[in-house]
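First comes the structure, then the notes that go with it.
Residue numbers (my numbering), protein chains in the order written: chain A, 259 to 371; chain B, 3 to 112.
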C-alpha cells in the first residue's frame, strides 16, 4: 500500500514554462486535494475534487488547472509558471465527509526562476 | 473567509515537560478538528482528531475542544526531542474542505 504518491519530488522551472504535477492514491478515496505550502502560511487549498468527474476551486486557484483523470489520479498543471508559484505542493486524499482525515503525499518542491 | 489561527512560535519546552499548543477558529459551524504533525521537509501526518466538546486522550497526547469559545488545543505530556516539529491545526466545515492554521513550531530541548 503506497498511500498517496507524487511526482516529481523536485522541479526547477524558468518563468513561462509549463509543467504537470502528478498525484495518485491507492486507498480508494473519493476526494482528492492539491495544496501549496509557503513559509509561515500553512497549507492553502488550490483545487479539490470531491469525486471522480468533479473539480472545484479552493482558496488560491489562479495560475493552476487540474484534471481528475480517474478515481486514483489527480493532476495539477501550471500553464505558465511564475516566481510566485515557487512553493511546496502537497496532494492529499480522503473519504468524503466531515469526519474523515486527509492523507498526504510526500510533496513536490517547485522553484520557478 | 474562514480562519484558523495559531501562534507561530517557536514554542520551546524542556524534555519531560508538558507542551501546550493552541488553535482558534472563526466559523461557528465547524464540526471536526484535526491536529497534524509535520517534520521539516516532510508531509503532514495525523496525530489526533476531535469532534465533541471536552478532552480526548491518546497516549501522551490530549486534544481539548471548546466549541463555545471556538478553541481547540493539543497537550503533549512528557515531551521528547522527537516531538520537535511544526503542529498544524485543521478545521473541517460542512464536509468537504479543510482549513489549516499556519502551524506552531515546537522545540523540545534535551
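Glycine residues also receive a C-beta, built at the ideal position from the N, C-alpha and C atoms.
Residues 333 of the same chain have their beta carbon placed closer than 6 Å to that of residue 325 of chain A, with the five preceding and five following residues left out of the count. Here residue 80 of chain B carries a coil assignment [DSSP, helix/strand/coil]. Measuring C-alpha to C-alpha distances from residue 369 of chain A to each of A/358, A/340, A/287 and A/344 identifies A/344 as the nearest. Here residue 270 of chain A is exposed. Its C-beta has fewer than 16 other C-beta atoms within 10 Å.
Excluding residues up to 5 positions away in sequence, 302, 303 and 304 lie with their Cβ nearer than 8 Å to the Cβ of residue 317 of chain A in the same chain.
Around the beta-carbon of residue 27 of chain B, 16 or more other beta-carbon atoms lie within 10 Å, marking it buried. Taking 9 Å as the cut-off, the Cβ atoms of residue 295 of chain A and residue 339 of chain A do not count as close. For residue 65 of chain B, the enclosing beta strand (DSSP E) covers residues 63-68. Put simply, the backbone Cα of residue 8 of chain B is about 6 Å away from that of residue 105 of chain B. Three or more beta-carbon pairs separated by less than 8 Å are not found between the region 12-19 of chain B and the region 55-72 of chain B, which leaves the two stretches without contact.
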